[in-house]
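As structure tokens, the structure follows; a few thoughts come after it.
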Amino acid sequence: MKDLEDIIRELLENVRELEKVIENIKKPVAESSKLIPETRKNIEDVVSYLEDTSHSIMNLLERINENSKGIKEEVEFLLSLGPVKRIKEKLESIKEKNEQNISTILELYTYLSFHDLAGQQLRTVIEVLEKIKSALVDVIVSQVTAGRDLKEEQVSGIKGKVSEILSKDRISQQDVDRLLEEFGL
Amino acid sequence: MPMPPPDIRILVVDDMSTMRRIIRTILNQLGYTNIEEAENGKQALAKLKSEKFDFVITDWNMPEMDGLTLVREIRNDPELKNLPVLMVTAEARKENVIEALKAGVNNYIVKPFTPEVLKEKMEKIFK
Numbered sequence: 002m003k004d005l006e007d008i009i010r011e012l013l014e015n016v017r018e019l020e021k022v023i024e025n026i027k028k029p030v031a032e033s034s035k036l037i038p039e040t041r042k043n044i045e046d047v048v049s050y051l052e053d054t055s056h057s058i059m060n061l062l063e064r065i066n067e068n069s070k071g072i073k074e075e076v077e078f079l080l081s082l083g084p085v086k087r088i089k090e091k092l093e094s095i096k097e098k099n100e101q102n103i104s105t106i107l108e109l110y111t112y113l114s115f116h117d118l119a120g121q122q123l124r125t126v127i128e129v130l131e132k133i134k135s136a137l138v139d140v141i142v143s144q145v146t147a148g149r150d151l152k153e154e155q156v157s158g159i160k161g162k163v164s165e166i167l168s169k170d171r172i173s174q175q176d177v178d179r180l181l182e183e184f185g186l
Numbered sequence: 652m653p654m655p656p657p658d659i660r661i662l663v664v665d666d667m668s669t670m671r672r673i674i675r676t677i678l679n680q681l682g683y684t685n686i687e688e689a690e691n692g693k694q695a696l697a698k699l700k701s702e703k704f705d706f707v708i709t710d711w712n713m714p715e716m717d718g719l720t721l722v723r724e725i726r727n728d729p730e731l732k733n734l735p736v737l738m739v740t741a742e743a744r745k746e747n748v749i750e751a752l753k754a755g756v757n758n759y760i761v762k763p764f765t766p767e768v769l770k771e772k773m774e775k776i777f778k
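Residue numbers (the numbering used here), protein chains in the order written: chain A, 2 to 186; chain B, 652 to 778.
So, in structure tokens, the structure goes:
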């Protein structure tokens with residue numbers, strides 16, 4: 002009789018331990034599966050927004066550039082008419098300033114490559130996020146499989162499942178429970 | 652130093668549409684209008700094998716096939732091996748430049764760059 006009581010006590014202790022493990026896993030899986038894809042999506046949105054904005058700025062610069070080219074042609078035409086000295090000087094001055102504007106526009110254009118540089122740095126952040134996700138999967142799986150006699154393919158299946166959940170946009174409690182069920186928890 | 656003739660055919664390879672547009676605009680300003688674009692090394696290589704180009708300006712980091720692999724493919728192709736290639740990239744470490752030179756680029760520009768730098772590098776390549 003005493004032996005049976007001991008067994009039941011031991012079983013209860015095991016159940017409590019398992020409950021703790023479940024609680025420990027539920028939270029990081031739920032939080033990370035929400036945060037990692039969301040952060041990734043936000044970063045991708047920023048890159049895309051930067052690209053769109055850069056194109057809009059380029060469109061405006063092109064319009065200014067076209068106007069400057071038009072001004073250049075008109076000034077050259079007026080100069081070709083042989084204006085009096087004072088008007089000629091003014092036209093020469095307009096022509097020079099207009100040319101400075103054209104080269105400033107081109108300079109502005111080249112500075113827009115900041116977007117490409119920023120995009121590359123942000124893509125590095127996305128790569129780091131992917132590495133964090135992979136490390137997190139390892140941590141979760143090792144916590145779940147610790148002390149359990151599982152075959153290699155079972156561990157790899159669990160890893161795949163955790164990874165799949167972490168890649169989703171959002172995770173439901175059902176997903177977490179289904180996952181835990183697969184772990185036998 | 653003389654610039655290459657204005658009628659040369661140039662292939663601009665970059666995965667970012669803004670960068671392709673920037674390079675195209677600068678080339679236009681320098682008098683070059685015969686310009687084609689590709690979004691990555693793979694697309695560029697297909698164009699190079701089917702059409703004639705005189706000069707390639709390529710980025711380093713691109714999906715599908717990066718710029719470094721593209722340069723190696725060009726140098727390994729008997730038909731393309733002498734094609735001048737300029738790498739325009741954000742990779743600014745010394746070892747990157749050495750790696751690109753070993754792969755066979757003719758010159759190297761770090762982003763962001765000015766029209767003067769592009770002009771100067773083109774003059775050097777085509778001198």
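Glycine residues also receive a C-beta, built at the ideal position from the N, C-alpha and C atoms.
In this structure residue 739 of chain B is in contact with residue 708 of chain B, their Cβ atoms being roughly 6 Å apart against a cut-off of 8 Å. Using a CB distance cut-off of 7 Å, residue 684 of chain B does not count as an interface residue toward chain A. Of the other Cβ atoms in all chains shown, fewer than 16 fall within 10 Å of the Cβ of residue 13 of chain A; this residue is therefore exposed.
Look at residue 44 of chain A here: in three-state DSSP terms it is helix.
Against chain B, the CB of residue 121 of chain A has a partner CB under 7 Å away; the residue lies at that interface. For residue 694 of chain B, not one C-beta of chain A is nearer than 7 Å to its own C-beta.
The CB of residue 672 of chain B comes closer than 7 Å to the CB of 59 in chain A, given here in chain order. By alpha-carbon distance to residue 665 of chain B, the top candidate from A/114, A/122 and A/126 is A/114.
Below the 9 Å Cβ cutoff, chain B contributes no neighbours of residue 109 of chain A, its closest Cβ being approximately 10 Å away. DSSP, reduced to helix, strand and coil, places residue 690 of chain B outside both helices and strands of the structure shown, so it counts as coil. When secondary structure is reduced to three states using DSSP, residue 738 of chain B falls in the strand class. Among the CB atoms of chain B, none fall inside 7 Å of the CB of residue 53 of chain A. Any Cβ of chain A closer than 7 Å to the Cβ of residue 762 of chain B would place that residue at the interface, and such an atom is present. Residue 82 of chain A counts as exposed, since fewer than 16 other beta carbons sit within 10 angstroms of its beta carbon. Distance between residue 9 of chain A and residue 158 of chain A, taken at the CA atoms: about 32 Å.
A direct Cα-Cα distance of roughly 5 Å separates residue 758 of chain B from residue 737 of chain B. With respect to the 7 Å criterion, residue 95 of chain A and residue 76 of chain A are classified as neighbours on the basis of their beta carbons.
Under the Cβ criterion of 7 Å, residue 667 of chain B is counted among the residues facing chain A. Around the beta carbon of residue 125 of chain A, a 10 Å sphere encloses fewer than 16 other beta carbons of the protein chains shown; the residue is thus reported as exposed. Along the region 113 to 138 of chain A, the positions whose C-beta sits under 7 Å from a C-beta of chain B are 113, 114, 115, 116, 117, 118, 120 and 121, read in chain order.
Of the residues assessed, residue 120 of chain A falls on the buried side of the cut-off, its CB having 16 or more other CB atoms within 10 angstroms. By the neighbour-count criterion, in which a residue is buried when 16 or more other Cβ atoms sit within 10 angstroms of its Cβ, residue 5 of chain A is exposed. The three-state reading of DSSP puts residue 662 of chain B in strand, counting E and B together. At the C-beta level, residue 663 of chain B and residue 702 of chain B stay beyond 7 Å of one another.
It is roughly 16 Å from the alpha-carbon of residue 657 of chain B to the alpha-carbon of residue 766 of chain B. Listed in chain order, the alpha helix (DSSP H) elements of length 4 or more contained wholly in the region 711 to 763 of chain B are 718 to 727 and 745 to 754. Per DSSP, reduced to three states, the secondary structure at residue 704 of chain B is coil, with no helix or strand assignment.
Under the 10 Å beta carbon count, residue 88 of chain A is surrounded by fewer than 16 other beta carbons and is classified as exposed. Between residue 741 of chain B and residue 697 of chain B, the alpha-carbon positions lie close to 25 Å from each other.
Residue 754 of chain B places its beta carbon less than 7 Å from that of residue 719 of chain B.
Here the alpha carbons of residue 677 of chain B and residue 85 of chain A stand approximately 37 Å from one another.
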